[in-house]
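Below is one structure, written out as structure tokens; comments come after it.
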């Protein structure tokens, strides 16, 4: 696979109460075309900032971020982004919300793309509905359809299932995984959910905080069909878990 995104020595800081706060430090990351990368880490470690740099919504202080050999300097339709909140426009139908991402298409092509992606996320029967008439999971499906409709090379997902109930989250994880396998697009996700990361990722980028930096990159060798209850799955989950909670692991106490 060719390299899709290359980040070299990325640093980023913000000004907080007049003081410089370093958010990202010396980030080196190469993402291959078609990979599913998941970034995990504590709150404040710069995960979302890293995603926004790839999206072109933030600019690094130093270092370089390139896609297909070209510097990323602004947002583009070659990158779709999904947030924790669906961000659908409440006064538009689901069909028209999805069509918003297709301004560059003519009317006939737009209709084909809208229908295709609403069908993929199982919302064809609800295309005339409004966001307020849908559940949280259905609204997030619509947001996924909107992001995928322009056929972006990269889909960026910023904790897209964080606000959903457990069962809906699992359903949408399966749908995103199926979309990834069908569309062959590169996907980069930020999450706090370690099980979700192991279930979806080809590689997991483990970040440390203060400042945000890459602690490790773990390749998940579990194949495409993954059993959350398997021993191998549990081993990977514990490996990632231990990066964040190893200091809390205690020896068992025995009562004699």
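In full-length UniProt numbering, the protein residues as written are 1 to 256. Virtual Cβ for every residue (Gly too), placed ideally from N, Cα, C. Treat the numbers as computed from the prediction; the structure is a model and nothing was measured.
Outcome for residue i when other beta-carbon atoms lying within 10 angstroms are tallied against a minimum of 16
i, result
"residue 223", "exposed"
"residue 97", "buried"
"residue 218", "buried"
"residue 200", "buried"
"residue 191", "buried"
"residue 213", "buried"
"residue 73", "exposed"
"residue 240", "buried"
"residue 18", "exposed"
"residue 4", "buried"
"residue 42", "exposed"
"residue 16", "exposed"
Check whether residue i and residue j have beta carbons under 8 angstroms apart
i, j, result
"residue 121", "residue 144", "yes"
"residue 12", "residue 58", "yes"
"residue 226", "residue 37", "no"
"residue 10", "residue 27", "yes"
"residue 312", "residue 152", "For the chain, the structure presents residues 1 to 256; residue 312 sits outside this window and is missing."
"residue 169", "residue 34", "no"
"residue 7", "residue 65", "yes"
Close beta carbons around residue i, own chain, < 8 angstroms, minus the five adjacent residues each side
i, result
"residue 195", "228, 237"
"residue 102", "109, 110, 113, 114, 149, 150"
"residue 70", "none"
Opposing strand residues paired with residue i [DSSP bridges]
i, result
"residue 95", "Note: residue 95 sits in no beta bridge, so no partner."
"residue 156", "81, 188"
"residue 16", "19"
"residue 212", "24"
"residue 45", "According to DSSP, which records beta bridges pairwise, residue 45 is partnered with nothing at all."
Min CB distance residue i to chain D below 8 angstroms
i, result
"residue 19", "Among the chains of the structure shown, chain D does not appear; only one protein chain is present."
7 angstroms CB neighbourhood of residue i in its chain, flanking five on each side removed
i, result
"residue 93", "127, 128, 129, 130"
"residue 88", "97, 131, 139, 142, 143"
beta-carbon residue i near the ligand SAH non-hydrogen atom, thresh 7 angstroms
i, result
"residue 172", "Among the components modelled here there is no ligand, and therefore nothing to report on the ligand SAH."
Beta-carbon proximity list for residue i, same chain, < 6 angstroms, skipping 5 on both sides
i, result
"residue 158", "48, 51, 83, 190"
"residue 164", "136, 137"
- prompt: Are at least three pairs of beta-carbons, each pair with one atom in the stretch 19 to 28 and one in the stretch 46 to 65, less than 8 angstroms apart?
  reply: Between the stretch 19 to 28 and the stretch 46 to 65, the count of C-beta pairs closer than 8 angstroms reaches three or more; the two stretches touch.
field: Cβ contact (3+ pairs, closer than 8 angstroms) linking the stretch 178 to 185 and the stretch 206 to 220
entry: Flag = no, the stretch 178 to 185 and the stretch 206 to 220 do not touch.
query: Using 8 angstroms as the Cβ pair cut-off and three pairs as the minimum, do the stretch 78 to 95 and the stretch 132 to 147 touch?
result: Segments in contact, yes.
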